[in-house]
Structures are given as C-alpha cells and as structure tokens.
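Data first, discussion second: the structure below is written as structure tokens.
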Amino acid sequence: MNRRSLSGAATASVVPVALVLVGLFVQGPYYLHLFIIIMMNVVLASSLRLINLSGQLSLAHGGLVTLGAYAAALLVMRLGLSSWLALLGAAVLSGIVSCLVGFPFTRLKGIYFTMVSVFFVQIIVLTVQQWRSLTGGASGLYGIPRPDGFWGLEFKSKTSFFFLMLALMLVSLGIMWAIEHSRVGMTFRGIQQTDSLAESVGINTTTYKVLAFSIGGFFAGLVGGFYAQYVSALDPTAFGFLFTIYILIYMIVGGAGTFVGPILGATLLTVLPEVARPLKSYMPFVFAAILMLIIFLMPEGLVGLPQRLRKLFIREPGGRSDVAG
Amino acid sequence: MLLSLSNVSVYYGSAMAVAGIDLSVEEGRIVSVIGANGAGKSTILKAINGLVPIRSGSIEFDGRRIDGSPTDAVVKAGIACVPESRKLFPYMSVESNLKLGAYLRKDKQGIAEDLERVFQLFPRLKERLRQRAGSLSGGEQQMLAIGRALMSKPRLLLMDEPSLGLAPIVIDTLADTIIEINRGGVSVLLVEQNAGLVSRVAQWCYVIEVGALVLEGDIKEMMSNDSVRRAFLG
Chain A
1054 MNRRSLSGAA TASVVPVALV LVGLFVQGPY YLHLFIIIMM NVVLASSLRL INLSGQLSLA
1114 HGGLVTLGAY AAALLVMRLG LSSWLALLGA AVLSGIVSCL VGFPFTRLKG IYFTMVSVFF
1174 VQIIVLTVQQ WRSLTGGASG LYGIPRPDGF WGLEFKSKTS FFFLMLALML VSLGIMWAIE
1234 HSRVGMTFRG IQQTDSLAES VGINTTTYKV LAFSIGGFFA GLVGGFYAQY VSALDPTAFG
1294 FLFTIYILIY MIVGGAGTFV GPILGATLLT VLPEVARPLK SYMPFVFAAI LMLIIFLMPE
1354 GLVGLPQRLR KLFIREPGGR SDVAG
Chain B
6 MLLSLSNVSV YYGSAMAVAG IDLSVEEGRI VSVIGANGAG KSTILKAING LVPIRSGSIE
66 FDGRRIDGSP TDAVVKAGIA CVPESRKLFP YMSVESNLKL GAYLRKDKQG IAEDLERVFQ
126 LFPRLKERLR QRAGSLSGGE QQMLAIGRAL MSKPRLLLMD EPSLGLAPIV IDTLADTIIE
186 INRGGVSVLL VEQNAGLVSR VAQWCYVIEV GALVLEGDIK EMMSNDSVRR AFLG
C-alpha cells in the first residue's frame, strides 16, 4: 500500500517535469498541438470520471464543452470582458448550467439519466446553430481574441498555449484528485456503490449527484473556453455526440476505476489516430473494436495491464479476491 | 412512546402495500413485525425511514412527526436502518463502511468511542478493518451492516430480515447481538419471517398479512397458542 502510493507520487511528479521539458524543447507546431489536444482530452475524460464516481454515466460533456467554448468567445467579443475573466466565466457558466439541469436530470436513474444527457448535447448544439445573431450559426465563429498577455508573457505561439494548457491540466487534475480523496469523494463513491444505502445513512444523494455533475460541467466548460481562445475559431458541431462518445471511450479504455485510467486512455487514444494515419477515416471502427476488446478482456481498463501481465507470467498462489454475495 | 405509526397506508402507484397500520415501539424495547413475503414488512420500515411516501396517517418519533421528512432528517432524529440483504458499500473497506455510518455526526470523540463499542460487539470487524466489505462472509457482512447502523448512534434501530440467508448457528449469535444492543439502550424494531429469532428477542410482536395487521401481542403467548402458530408463524 505504502510502496504503491510512493510510486504514485513519483509518477505524479515525473510526468509534469517531463511535460515541461517537452514544452521547452519540442519546437514543431504539430507535436505541440498534439500535446495540447491530449491534455484537453485528459481533463475531459477525468472530469467525466468524476461524474461517474457518483454513479452517473453522463454523456452531456460535448454540450458543456460547446457551451464553455461559445461562452468564452462571446463574453470577450460581445461583452468586452478580459479574456481571463471570460475563461473563468466559461467554466463557471458551464458549472451553473450543469447545476440547473442537474436537478431534473439526476432525478432520473441509470440509463434514463444517460439518455437525457445525450439530448442535452443535441439541444446545446442546435441552439448554437440556430441562434445566428449571437453565435454566428452553422458557419461558426471567427476571430476570437487570444488571451491577453501578462508579466511579459504573450499568448500567440503554440509553446505558450502548451504551457497554458499544462497549467490548466495540472490544476484541474489536482483539484479533482483532492475532491476524490476528500469526504465528498467518499460520499460520491458511497452513492455509486449502493445508492439506496447511501440515502439510508443520511446522505442527501440528490445534492451530491448534482454537485458531481456541476464539477464535471465546470471542467468541461474550462476546456471549451481554452479551446475557443486557442484555436480562435469555433464550429458548432465540433463537440457533438461523437466527440462525447470518444471522451467516454477514453475513460473506459483507460479504466474508470482509477484516477490514472482516464489520463492513460485519453493520452493513448489521442495519439493512436496520429500514428495510424492511413486508418484515419476508419477511426470510429478502430475505437469501437478497441472498446469491445477492453470490455471483454480487461474490464478494469488499460490500468490493469501490468497486473494482468504479471499474473500471466508469475503464478501467484491464491490471488483471487472476488466480491462475495 | 418512542415511535408510533397511526393509520399508515403506503401505495406503490395504485397497488396498496400497507393498509392503515397502527404500530408503536416503547423506549427500550424490542418490537417485532412478523409476516410472510410480500406482506408489506419492508415497506413499513421504508416508510419510517422516509424512503417511500405514506398516503395516509402519521408517523411520530419521540413526539415529533417525521412522515414527509427526508431520510437524512430521519437519520439525524435518531433512527438507523439495517436494510434487507445486509446492503453494504462493497468496494469500500470495513473501516470506510463504518465511518460512512457516522456520516451525519460531527463529534469525533463520540465517533471514536462508538467505533470501539462496535469492535467490542464484533471483534471480527476489527480484524478485518482494511478488508473490502464485499469480500466478507455473509455473517460478517451482517455484523458490518449492524455496526454501520450503530455508528449513527441511533435511539431506534430498524432491522429488515437480518436472519435472511444466515446459517442457524449464526442466527443464534445474531439473537444475542440484538439483545446486547438493546441492553445498551437502543430500541429495536425487527422485521422478520423467522419466528424462532423473533421469539428469542422480541417482547412484543405484530403479525401482518397482505398489508394489514391481523394480530398483536406477546410473542411467547402467540407461540404457545397452537392455532395462532400454525396460521401465522409457520
């Protein structure tokens, strides 16, 4: 137990250092862009897992990213807010919207919750497409201002956005880690494992389900806001249903049971379409195949791979620890 | 009276589950509700717990009405529940399960004391503190479910068929446990099918059939009355 948390702490400190080195020495815009997208997906998959931690499978993420992206853009372009305030505003707005729709949504359980969360994505995307006067409609939104510089830092180069996203990712993951290991996180887990019992011990399950959904929405909005300022152009269909499903696949393939799972899944599956370029148009099939393989062969996700390999080569006596009853 | 239900009815949609039941638990006693499957026993407990709404009547605990209150308020008022089939948080440790039982309490000192009390009652749980709850045996899971309920420091403990699926010898220990908990000052409302367990622990007993009370009285007298025993207690 102690050795594991120690090696976890080691990994947790090595990865950011490695990423800083990447940002300092990698110059190619292509690779920097890839790393930025990876880090965005890491935050999205991790925040989806946070919602999942409270026993709810949400597919609302695409809608919340869209919401955050347009909010960040429009707060600057229409209301003249500073870009940093707009970025925070995008996250807060997505969080608030999640909270508001969360109350009716979380009344529904299981698949019904998941279904309304899908409709939510469609409603957001359609609203953005139809509300032409505000959002530019189907043709999208262009010329979104880049973040303002401060302390002599300029946000124009890929490198600068790489470091911005790195900072956002580390802070987001840090917050999510802290939440998961707090009393609130334990409450989420309780609800996830035995909903009715959680209620019996006096947990207000609705409050906590809405809370999880809102926190997830906050981070989805943050990533959306970052994306708007980074790419400086928005397409209303960019973060639709398929995008949401990809986030879900990152989480499941990596392993929804652990904190590292979605990080691993998002990283590998964002890189995969790049290294397998010739297959790019078949990617949805490839993803589906990977998903099915994982579900059947490694239900705990890629995080379980080392242990499985170890079991394959070293026979441990009595290594079973199944749930009884 | 610690708990009293008067004329309580519960419906699931249009289906009646409990029809105008009067029932009460005096402070310090062990009272039992006995009846067959589907008689509405669990529904009564759920109604007390605020997990299902009641359609008529009232539920009072310690002189205050609790029907219509959310479950967390009921727990706070001093009612804890050991749900049917000993529900636990299966992927959490024994320790976490117990701590979640004290979810609404803030008094760290008191929680630590009650944890010790639970370990005195069930030394086995102390040995398995770090083990996952789902990996315990049936009897141990039942201990944990009871221990978890006690961690909220209840005045009234609701138990929903604790004997279900336990070996006869484990049921004997269970009876001793219930009596010991009661001696510690906790009143108990025990819902059961197992007349043997009820007769060992309960001082007063209600018999229900398809949602209605058909008989109430001293369990030992009921057991000694042949016709009653054959008709209701199996």
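Taken in sequence, the protein lines are chains A and B. Residue numbering for the first sequence follows the working numbering, starting at 1054 and increasing by one per position. Residue numbering for the second sequence follows the working numbering, starting at 6 and increasing by one per position. For every residue, glycine included, the Cβ atom is placed at its ideal position computed from N, Cα and C. All values reported here derive from a predicted model rather than from experimental measurement.
Query: Could you please give me the residues that DSSP links to G222 of chain B through a beta bridge?; Result: B:C210
Query: Kindly indicate the opening and closing residues of the beta strand (DSSP E) around V1169 of chain A.; Result: Segment 1164 to 1183 is the alpha helix (DSSP H) holding V1169 of chain A; no beta strand (DSSP E) there.
Query: For the beta strand (DSSP E) that contains S61 of chain B, what are its first and last residues?; Result: 61 to 66
Query: Helix, strand or coil for E32 of chain B per DSSP?; Result: coil
Query: Check whether the Cβ atoms of R129 of chain B and E145 of chain B sit closer than 7 Å, and answer yes or no.; Result: yes
Query: Are the region 1252 to 1261 of chain A and the region 1113 to 1129 of chain A touching, with three or more C-beta to C-beta distances below 8 Å?; Result: no
Query: Quick check on the DSSP output: the alpha helix (DSSP H) that includes M1336 of chain A runs from which residue to which?; Result: 1336 to 1350
Query: Would you report the Cα separation of E100 of chain B and L134 of chain B, rounded to the nearest angstrom?; Result: 5 Å
Query: Taking C-beta pairs closer than 9 Å, name the residues in chain A that S101 of chain B reaches, listed in chain order.; Result: M1239, R1242, G1243
Query: Under the three-state reduction of DSSP, which class applies to A1309 of chain A: helix, strand or coil?; Result: coil
Query: In three-state DSSP terms, what is E118 of chain B?; Result: helix
Query: I'd like to know if Y96 of chain B contacts chain A, where contact means its C-beta is closer than 7 Å to some C-beta of that chain.; Result: yes
Query: Mind listing which residues of the region 53 to 66 of chain B have their C-beta closer than 7 Å to chain A's C-betas, in chain order?; Result: N54, L56
Query: Determine the chain A residues that contact K92 of chain B at a beta-carbon separation under 9 Å, and present them in chain order.; Result: T1247, S1249, L1250, S1253
Query: Taking 7 Å as the threshold (C-beta atoms), are A1281 of chain A and A1122 of chain A in contact?; Result: yes
Query: So, with DSSP's three-state summary, where would you put E1252 of chain A?; Result: helix
Query: Count the other CB atoms within 10 Å of the CB of A180 of chain B; is the residue buried (16 or more) or exposed (fewer)?; Result: buried
Query: Kindly identify the DSSP beta-bridge partner or partners of V87 of chain B.; Result: B:M164
Query: Counting only C-beta atoms, is I1305 of chain A closer than 7 Å to chain B at any point?; Result: no
Query: List, in order along the chain, the chain B residues whose C-beta lies closer than 9 Å to that of N1257 of chain A?; Result: P75, T76, D77
Query: Short of 8 Å Cβ to Cβ, which residues in the region 185 to 216 of chain B face chain D?; Result: Absent here is chain D; the protein component of the structure consists of chains A and B.
Query: Counting C-beta neighbours from all protein chains within 10 Å, is the total for E132 of chain B 16 or more, i.e. buried, or is it exposed?; Result: exposed
Query: Exposed or buried, which one is Y108 of chain B when buried takes at least 16 other CB atoms within 10 Å?; Result: buried
Query: May I ask you to verify whether the region 1135 to 1154 of chain A touches the region 1240 to 1251 of chain A, counting CB pairs closer than 8 Å and requiring at least 3?; Result: no
Query: Can you tell me whether G1277 of chain A is buried or exposed, with buried defined as 16 or more other CB within 10 angstroms of its CB?; Result: buried
Query: In terms of DSSP beta bridges, what is A17 of chain B paired with?; Result: The sequence shown places Tyr at residue 17 of chain B, not Ala. Per DSSP, B:A20.
Query: Can you confirm whether the region 20 to 37 of chain B touches the region 204 to 223 of chain B when touching is taken to mean that 3 or more C-beta pairs between the two stretches lie within less than 8 Å?; Result: yes
Query: Can you have a look at E31 of chain B and say buried or exposed, based on whether 16 or more other CB atoms are within 10 angstroms of its CB?; Result: exposed
Query: From L1101 of chain A to S47 of chain B, what distance separates their C-alpha atoms?; Result: 36 Å
Query: How about L1219 of chain A and L1072 of chain A: do their beta carbons lie closer than 7 Å?; Result: yes
Query: Can you pull the chain A residues whose beta carbon is under 8 Å from the beta carbon of P88 of chain B, in chain order?; Result: S1249, L1250, S1253
Query: Buried or exposed, going by whether 16 or more other CB atoms sit within 10 Å of the CB of T1064 of chain A?; Result: exposed
Query: DSSP three-state label for E197 of chain B, please.; Result: strand
Query: Could you give the distance in angstroms between the alpha-carbon of G1202 of chain A and the alpha-carbon of F1208 of chain A?; Result: 6 Å
Query: I want to verify the contact list: residues of chain A whose CB lies under 7 Å from the CB of K81 of chain B, in sequence order.; Result: G1255
Query: Closest by CA to S63 of chain B, which one among B:S14, B:L194, B:L171?; Result: B:S14
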